[in-house]
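See below for the structure under consideration.
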Amino acid sequence: MSKRASHIWWGSILLIHLLFLGYQLVHQRLYLKDSGEYLQAADNLMHAATLYSGDLSEPLRYDHYSKRPPVYPLFIGLIRTLFGQDIWIAVFQTGLSLLNFWLLQRLLAFLGLWSGKCLWLLPFVLLYPAQYIYANLVMTEILFQSLLLAALLMLLKAQKSKQSGPVWGYTLLLVMAMFTKPVMHLFVWPHLLLLLYAAWKWKKTSLLLPALLPLMLSLGFQYRNQLRTGHFHFSSIQNKSLLQYTTYHLLLRQQGPEQARITTDSIQSLANAQPTFAQSEGLIQRACVQLIGRHLPAYLGLHLRGMLNFFLDPGRFDLYHFFGLSHEQEAGLLYHFGQQGYRGVWKYLSQQPAGVLLLLLLVATLNGLKLLALLWFPFNKQLSRAQKVLILLLLLYLAGLTGINGASRFAVPVFPLMLLVLAAAIHAFPIPISMGFSRLTSLRQK
3 MSKRASHIWW
13 GSILLIHLLF
23 LGYQLVHQRL
33 YLKDSGEYLQ
43 AADNLMHAAT
53 LYSGDLSEPL
63 RYDHYSKRPP
73 VYPLFIGLIR
83 TLFGQDIWIA
93 VFQTGLSLLN
103 FWLLQRLLAF
113 LGLWSGKCLW
123 LLPFVLLYPA
133 QYIYANLVMT
143 EILFQSLLLA
153 ALLMLLKAQK
163 SKQSGPVWGY
173 TLLLVMAMFT
183 KPVMHLFVWP
193 HLLLLLYAAW
203 KWKKTSLLLP
213 ALLPLMLSLG
223 FQYRNQLRTG
233 HFHFSSIQNK
243 SLLQYTTYHL
253 LLRQQGPEQA
263 RITTDSIQSL
273 ANAQPTFAQS
283 EGLIQRACVQ
293 LIGRHLPAYL
303 GLHLRGMLNF
313 FLDPGRFDLY
323 HFFGLSHEQE
333 AGLLYHFGQQ
343 GYRGVWKYLS
353 QQPAGVLLLL
363 LLVATLNGLK
373 LLALLWFPFN
383 KQLSRAQKVL
393 ILLLLLYLAG
403 LTGINGASRF
413 AVPVFPLMLL
423 VLAAAIHAFP
433 IPISMGFSRL
443 TSLRQK
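The numbering of the sequence shown is our numbering, which starts it at 3 and goes up by one.
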């Protein structure tokens, strides 16, 4: 990329970050519903040396011992200790978001995709408000994004160099990601298979330790949770999500909102009546699995459409919260999708103010173009098969585990990877507008 093109790229990215941060400095809308638990976990870590996401002065709840893993509360706790005010969390996360664009540049350069054509990514960069919104909220998404990007870069370097150093770097970053978002803890199994294959292929038995490390730490953390709660598990958020989101939205589509609420409330009441936390969690899991099995074809259809939503959702809730456009209790796209599918989504969107509707449609359209680039990505001949597999593995893993709950927030951590996929498409197809821009840039430099 030429110096002029680089200035346009970084100037645009810096400007939009500063605009969103400046707005947040004025309006101070830092918190979502989950933010309180992260802040409480941070306070308990720093002042009581215990990982607990509830108020220690209130009756203890076993789910709070494992609900929020330690990395993000530690991140918050350090910032609060050093700077005192929560707004500094937004400042540091804005810095992390800028770092992530630098990591994206490193990834593109490593894969041979960093060129003047990357300027055509700018509309996709600037018209993805969720990136800049979550940089300014007390939520894990941007830190998680940093860890995933750095881990992928180290993994690709390890695949190319066949050296143990990058493998260790990738493994440690994966461990940090796992203890930032519980969704990553099941990635210990793909990780184990990848490194066992690498150990065999490269004839390096030294890779056995990094292969096993995330699994051992995951089991150790689950044992820690068992000691505190009597239940061997990684995070209580998984059962909560299974009942309140996955099962609820399945029943919402199958039975309607009233019956869905009655059924899930009944399961929760029965769980609360159990004598132990382990029995309570087991009851929730069995009841949800039974309901999903009873409606399996419908669930599979919703799961696949949820994965589609993961990539397409324009982030209505994010915009409305950040800019104070509506009450938090207003039902959003996921609710209307669960009730009436895409017809319900469109009916709901059509009721929004014209400016908001136009922006949401534009963002959704650009998200759709990224999805088309992803569908083409496996056929890209500029990248090696191994490189494509590693990139797709991470993307599809997160989309697959998000499933029925697919929404803009969950896709934020993989947004730079979708830009990478799009850059591969732009690089492979020298469309005239790209060629014309490159020539115009070179003429101006002369």
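Virtual Cβ for every residue (Gly too), placed ideally from N, Cα, C.
All of these numbers come straight from a predicted model, not from anything done at the bench.
Candidates the options, of which the one nearest residue i by Cα
{"i": "Asp36", "options": "Pro316, Glu143, Leu221 and Phe312", "result": "Glu143"}
{"i": "Ala160", "options": "Gln228, Pro71, Asp88 and Tyr172", "result": "Tyr172"}
{"i": "Leu149", "options": "Lys203, Gly284 and Thr182", "result": "Thr182"}
{"i": "Lys206", "options": "Gly308, Gln224, Gly167 and Pro75", "result": "Gly167"}
{"i": "Leu158", "options": "Leu394, Thr404 and Val414", "result": "Leu394"}
{"i": "Val423", "options": "Ala409, Lys390 and Tyr399", "result": "Lys390"}
{"i": "Ile91", "options": "Asp320, Ala137, Tyr25 and Gly24", "result": "Ala137"}
{"i": "Met48", "options": "His29, Ile15, Gly86 and Leu113", "result": "Gly86"}
{"i": "Met156", "options": "Leu105, Tyr399 and Val73", "result": "Leu105"}
{"i": "Leu253", "options": "Ala111, Val93, Ala289 and Glu283", "result": "Ala289"}
{"i": "Ser243", "options": "Gln276, Ser271, Glu283 and Phe234", "result": "Glu283"}
{"i": "Gln165", "options": "Lys119, Phe319, Val358 and Ala200", "result": "Ala200"}
{"i": "Gln257", "options": "Tyr301, Gly38 and Phe234", "result": "Tyr301"}
{"i": "Gly232", "options": "Ala280, Ser55, Pro71 and Cys120", "result": "Ala280"}
{"i": "Leu23", "options": "Lys5, Ser68, Gln95 and Leu129", "result": "Gln95"}
{"i": "His323", "options": "Phe379, Trp378, Pro216 and Val140", "result": "Val140"}
{"i": "Ile78", "options": "Ala44, Ser55, Ala7 and Phe236", "result": "Ala44"}
{"i": "Gln228", "options": "His66, Gly408 and Leu397", "result": "His66"}
{"i": "Thr52", "options": "Arg31, Leu76 and Asn241", "result": "Leu76"}
{"i": "Ala7", "options": "Pro71, Leu124, Leu62 and Ile89", "result": "Leu124"}
{"i": "Tyr247", "options": "Arg387, Arg70, Ser268 and Gly405", "result": "Gly405"}
{"i": "Leu364", "options": "Leu209, Phe126 and Leu293", "result": "Phe126"}
{"i": "Ser14", "options": "Leu209, Trp378, Ser220 and Leu129", "result": "Leu129"}
{"i": "His251", "options": "Leu221, Ser238, Leu397 and Ile294", "result": "Ile294"}
{"i": "Pro72", "options": "Asn407, Gly38, Pro184 and Val28", "result": "Pro184"}
C-alpha gap between residue i and residue j, whole angstroms
{"i": "Val291", "j": "Met180", "result": "24 Å"}
{"i": "Leu327", "j": "Leu21", "result": "18 Å"}
{"i": "His9", "j": "Arg108", "result": "16 Å"}
{"i": "Ile81", "j": "Asp57", "result": "20 Å"}
{"i": "Leu361", "j": "Ile264", "result": "36 Å"}
{"i": "Ile286", "j": "Asn274", "result": "10 Å"}
{"i": "Ile135", "j": "His19", "result": "9 Å"}
{"i": "Gly317", "j": "Arg296", "result": "31 Å"}
{"i": "Tyr225", "j": "Leu196", "result": "25 Å"}
{"i": "Ile428", "j": "Pro192", "result": "30 Å"}
{"i": "Thr367", "j": "Met186", "result": "29 Å"}
{"i": "Phe319", "j": "Ala132", "result": "10 Å"}
{"i": "Tyr64", "j": "Gly308", "result": "30 Å"}
{"i": "Lys162", "j": "Ser117", "result": "21 Å"}
{"i": "Tyr399", "j": "Leu392", "result": "11 Å"}
{"i": "Pro212", "j": "Trp170", "result": "6 Å"}
{"i": "Pro61", "j": "Leu17", "result": "47 Å"}
{"i": "Phe412", "j": "Leu145", "result": "13 Å"}
{"i": "Glu330", "j": "Gln270", "result": "Confidence is the limiting factor: at Glu330 the pLDDT is only 45, short of 50, which leaves the residue's position unreliable and the question unanswerable from this model."}
{"i": "Phe325", "j": "Ala356", "result": "16 Å"}
{"i": "Ala262", "j": "Pro299", "result": "18 Å"}
{"i": "Asn102", "j": "Asp267", "result": "41 Å"}
{"i": "Gln42", "j": "Asn241", "result": "21 Å"}
{"i": "Gln384", "j": "Tyr25", "result": "41 Å"}
{"i": "Leu310", "j": "Gly408", "result": "7 Å"}
{"i": "Thr443", "j": "Leu175", "result": "With a pLDDT of 46 at Thr443, under the threshold of 50, the modelled position of this residue cannot be trusted; read the value that follows with caution. Cα-Cα distance, rounded: 38 Å."}
{"i": "Tyr40", "j": "Gly370", "result": "33 Å"}
Which of helix, strand or coil DSSP assigns to residue i
{"i": "Ala275", "result": "coil"}
{"i": "Asn138", "result": "coil"}
{"i": "Asp36", "result": "coil"}
{"i": "Ser55", "result": "coil"}
{"i": "Ala262", "result": "helix"}
{"i": "Val178", "result": "For clarity, residue 178 is Met in the given sequence; the question names Val instead. In the structure shown, Met178 sits in a helix (DSSP, three-state: H, G or I)."}
{"i": "Asp315", "result": "coil"}
{"i": "Ser99", "result": "helix"}
{"i": "Leu129", "result": "coil"}
{"i": "Lys162", "result": "helix"}
{"i": "Arg70", "result": "coil"}
{"i": "Asn382", "result": "coil"}
{"i": "Leu320", "result": "Note that residue 320 is Asp in the sequence shown here, rather than Leu. Helix."}
{"i": "Gly7", "result": "Position check: residue 7 holds Ala in this sequence, whereas Gly was assumed. Three-state result, Ala7: helix."}
{"i": "Ala453", "result": "With the chain running from 3 to 448 in the structure shown, residue 453 is simply not present."}
{"i": "Leu285", "result": "helix"}
{"i": "His305", "result": "helix"}
{"i": "Phe431", "result": "coil"}
{"i": "Gly295", "result": "helix"}
{"i": "Pro75", "result": "helix"}
{"i": "Ser117", "result": "coil"}
is_contact[residue i, chain B] using C-beta, thresh 9 Å
{"i": "Phe313", "result": "Reference to chain B is not applicable here, since this structure consists of a single protein chain."}
Exercise for the section: Go through the region 167-224 residue by residue and report every complete run of the alpha helix (DSSP H) that reaches 4 residues or more, in order. Expected result: 190-204
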